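First comes the structure, then the notes that go with it.
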Amino acid sequence: MASSSSASASNTPSSCCTTGIPPAWGCYPTSSTRSSRRGPTSGRISRDPAPRSSRASPGRRSGPSSHHVLHPDDGSRHPSPFVQVEGVVVSRTDHEIIVVGGGIGGLGTALALAQSGIAVHILERAPQFSEVGAGLQVGANAVRALDRLGVLDEIYATAVFPERGVISDALTGQVLTTLDLGPSFTERFGYPYIVLHRNDVLTPLLEACRAHPHVTLENNRTISEITDEGDRMRIRCEDGHELTAKLVVGADGLNSKVRRLISTDEPVFSGYIAFRGATPIDKGTADADASDVHLWIGPNVHLMQYPVRSGTMYNQVAVFRTVWKDEGRPDWGTSEELIERFSATCEPVRSTVAAHADATAYPNFDKEPLRTFVAGRAVLIGDAAHPMLQYLGQGACQALEDGLALAAVLDGQVDDVSGLARYDALRVPRTTRCQRAARPWGESWHATDPILRAYRDRYLRLRRPDDYNEVAWLYDDALDDLLGPARRELETRR
Numbered sequence: 006m007a008s009s010s011s012a013s014a015s016n017t018p019s020s021c022c023t024t025g026i027p028p029a030w031g032c033y034p035t036s037s038t039r040s041s042r043r044g045p046t047s048g049r050i051s052r053d054p055a056p057r058s059s060r061a062s063p064g065r066r067s068g069p070s071s072h073h074v075l076h077p078d079d080g081s082r083h084p085s086p087f088v089q090v091e092g093v094v095v096s097r098t099d100h101e102i103i104v105v106g107g108g109i110g111g112l113g114t115a116l117a118l119a120q121s122g123i124a125v126h127i128l129e130r131a132p133q134f135s136e137v138g139a140g141l142q143v144g145a146n147a148v149r150a151l152d153r154l155g156v157l158d159e160i161y162a163t164a165v166f167p168e169r170g171v172i173s174d175a176l177t178g179q180v181l182t183t184l185d186l187g188p189s190f191t192e193r194f195g196y197p198y199i200v201l202h203r204n205d206v207l208t209p210l211l212e213a214c215r216a217h218p219h220v221t222l223e224n225n226r227t228i229s230e231i232t233d234e235g236d237r238m239r240i241r242c243e244d245g246h247e248l249t250a251k252l253v254v255g256a257d258g259l260n261s262k263v264r265r266l267i268s269t270d271e272p273v274f275s276g277y278i279a280f281r282g283a284t285p286i287d288k289g290t291a292d293a294d295a296s297d298v299h300l301w302i303g304p305n306v307h308l309m310q311y312p313v314r315s316g317t318m319y320n321q322v323a324v325f326r327t328v329w330k331d332e333g334r335p336d337w338g339t340s341e342e343l344i345e346r347f348s349a350t351c352e353p354v355r356s357t358v359a360a361h362a363d364a365t366a367y368p369n370f371d372k373e374p375l376r377t378f379v380a381g382r383a384v385l386i387g388d389a390a391h392p393m394l395q396y397l398g399q400g401a402c403q404a405l406e407d408g409l410a411l412a413a414v415l416d417g418q419v420d421d422v423s424g425l426a427r428y429d430a431l432r433v434p435r436t437t438r439c440q441r442a443a444r445p446w447g448e449s450w451h452a453t454d455p456i457l458r459a460y461r462d463r464y465l466r467l468r469r470p471d472d473y474n475e476v477a478w479l480y481d482d483a484l485d486d487l488l489g490p491a492r493r494e495l496e497t498r499r
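Numbering (the working numbering), first residue to last: 6 to 499.
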């Protein structure tokens, strides 16, 4: 199931987009040799008795990263990224790959590249690595990606495994449909659908990067300029520091500096505001069963709820179309407008929204799909490449797929970047489909026309809980053809 961040709908979406069924309920198929990674089929929380995080990991570091995270030279073909200058350790300025941005997508990409044998340097502008927001729905395609990255044990340690996705009418409170997220879901796709806190995805990726001898990380680095010098890319930071790399990966989000090498387009405001936050599970919810992923839909509003942090916290996302902005009011997007916009909803929804009106507000943006994610020796992943509204629950999921695909096409080297054309051919069509499907999918939740709402509701009531036909394109293995032959070799290197 999913919630709100959007993309333009210039092309006609797939037929499922008009039904109102959120495709962010899903899972991914896997070979029988990896079936032990699927997680529980009936319980909600899985804890591995011997997670990878408890095993000895050379170079692993704890605590927040400060300006540089150093990794010793391990004697491999990659030189240490640090040198001694009069007794002071300073960073090298020349790298194989620089990843700009240390969010989930950037860290996942860096880890995939490092596991393929390439040295990677991560630049993050914030003083620490952290994620904005609270909850995250992780579809089966991303669970599979996390497994391929080798961090699934740590992910499962705090994940919640919901048994149902529920859609209810926000005005009447009536249940419109359910989707089975339990055993049949996992059996169909091979991996479970999980929900968890965003930082509980970022942290295992960060620790794996810190532990890997081919990954180095820097904080407090804000990019001011990127120049293509033919055989290298030059990055200049706001403090005057300069670095070069054979390849730059833009993982720097919606307002990406790297994207400007390809396009100067600006974010498109969807008209919707999301109030997001996580609270203790016992702080009153609109949901009768707090183990479900529950979506309440109504005219110009929706409320998304699901548990995180091993079921101890409850994530709430209240979304509404702002009217006050259209009226020219300077106070649009406030908690007062939030409460007003939900005033016609049923009491459980109304009281829940009022109780969480102090949550953080996020205007929802997307951009037009790009025709390419590549410019010379620069390549985009995640929101830098394909920002989408969250109605499909695929923003972070597609970013993780991007990283694995990029590592596969580069195949352990960056001198020849001709493989980036294959990355484009694989990723642009899939992510464009996600972008273009997200907005109309969300609009079907927010429909105001009574006839359209009646049709949507009738369709939802008729569907079976175990009917996954309309979500299969999201959760089936989009990377199987690319990664299948090389997967075992890459996993052996890990």
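Glycine included, C-beta positions come from ideal geometry on N, C-alpha and C.
Keep in mind it's a predicted model, so treat the numbers as computed, not measured.
Are the Cβ atoms of residue i and residue j separated by less than 9 Å?
{"i": "isoleucine 386", "j": "valine 220", "result": "no"}
{"i": "alanine 279", "j": "valine 322", "result": "yes"}
{"i": "valine 105", "j": "lysine 262", "result": "yes"}
{"i": "leucine 405", "j": "leucine 154", "result": "yes"}
{"i": "valine 273", "j": "aspartate 371", "result": "yes"}
{"i": "alanine 360", "j": "serine 340", "result": "no"}
{"i": "proline 392", "j": "glycine 258", "result": "yes"}
{"i": "threonine 163", "j": "alanine 256", "result": "no"}
{"i": "threonine 284", "j": "methionine 309", "result": "no"}
{"i": "histidine 451", "j": "histidine 307", "result": "yes"}
{"i": "tyrosine 198", "j": "valine 298", "result": "yes"}
{"i": "alanine 145", "j": "leucine 409", "result": "no"}
{"i": "arginine 346", "j": "arginine 326", "result": "yes"}
{"i": "arginine 444", "j": "alanine 483", "result": "no"}
{"i": "tyrosine 196", "j": "aspartate 152", "result": "yes"}
{"i": "leucine 186", "j": "proline 167", "result": "yes"}
{"i": "aspartate 471", "j": "serine 173", "result": "no"}
{"i": "valine 171", "j": "aspartate 294", "result": "yes"}
{"i": "threonine 191", "j": "arginine 169", "result": "no"}
{"i": "glutamate 230", "j": "arginine 241", "result": "yes"}
Run through DSSP, which three-state label would residue i get?
{"i": "threonine 208", "result": "helix"}
{"i": "serine 173", "result": "strand"}
{"i": "arginine 346", "result": "helix"}
{"i": "tyrosine 464", "result": "helix"}
{"i": "isoleucine 228", "result": "strand"}
{"i": "isoleucine 102", "result": "strand"}
{"i": "serine 59", "result": "Because the pLDDT of serine 59 is 33, which lies under 50, any placement of that residue in the model is unreliable, and the question is left without a value."}
{"i": "threonine 182", "result": "strand"}
{"i": "glycine 108", "result": "coil"}
{"i": "glycine 195", "result": "coil"}
{"i": "arginine 376", "result": "coil"}
{"i": "alanine 283", "result": "strand"}
{"i": "valine 419", "result": "coil"}
{"i": "valine 358", "result": "helix"}
{"i": "threonine 114", "result": "helix"}
{"i": "valine 165", "result": "strand"}
{"i": "aspartate 472", "result": "coil"}
{"i": "threonine 436", "result": "helix"}
{"i": "aspartate 158", "result": "helix"}
{"i": "aspartate 363", "result": "coil"}
{"i": "tryptophan 329", "result": "coil"}
Output needed for residue i: all residues of its chain with C-beta closer than 6 Å, excluding positions within five of it in sequence on either side, in chain order.
{"i": "valine 165", "result": "Arg49, Val200, Pro312 and Gly316"}
{"i": "proline 304", "result": "Thr453"}
{"i": "threonine 232", "result": "Arg239"}
{"i": "arginine 193", "result": "Tyr473"}
{"i": "glycine 178", "result": "Cys351"}
{"i": "lysine 330", "result": "Trp337"}
{"i": "valine 143", "result": "Ile199"}
{"i": "isoleucine 302", "result": "Ala175 and Trp450"}
Tell me, which residues are paired with residue i by DSSP?
{"i": "methionine 309", "result": "Leu300 and Val322"}
{"i": "leucine 385", "result": "Gly255"}
{"i": "isoleucine 456", "result": "Answer by DSSP bridge pairing: none, since isoleucine 456 is not bridged."}
{"i": "phenylalanine 370", "result": "Phe274"}
{"i": "glutamate 247", "result": "Arg241"}
{"i": "glycine 140", "result": "His202"}
{"i": "aspartate 233", "result": "Met238"}
Excluding the 5 residues flanking residue i on each side, which residues of the same chain have their C-beta closer than 7 Å to its C-beta?
{"i": "threonine 98", "result": "Glu247, Leu248 and Thr249"}
{"i": "alanine 147", "result": "Ala401, Cys402 and Leu405"}
{"i": "alanine 55", "result": "In this predicted model, alanine 55 has a pLDDT of only 32, less than 50, meaning its place in the structure is not dependable; the value taken from the coordinates is given anyway. Correct list: empty, nothing qualifies."}
{"i": "proline 368", "result": "Phe274, Ile278 and Gly338"}
{"i": "aspartate 270", "result": "Lys372 and Glu373"}
{"i": "glycine 417", "result": "Ser121, Gly122 and Ile123"}
{"i": "histidine 429", "result": "The sequence shown places aspartate at residue 429, not histidine. If we look at aspartate 429 and ignore the five residues flanking it on each side, its Cβ neighbours are Thr377, Phe378 and Val379."}
Looking only at its own chain, which residues have a Cβ that is under 8 Å from the Cβ of residue i, when we skip the five neighbours before and after it?
{"i": "arginine 376", "result": "Val433"}
Q.
Does the contact criterion of 3 or more C-beta pairs under 8 Å hold for the stretch 373-389 versus the stretch 421-432?
A. yes
Q. Does the stretch 109-125 come close enough to the stretch 193-212 to have 3 or more Cβ pairs within less than 8 Å?
A. yes
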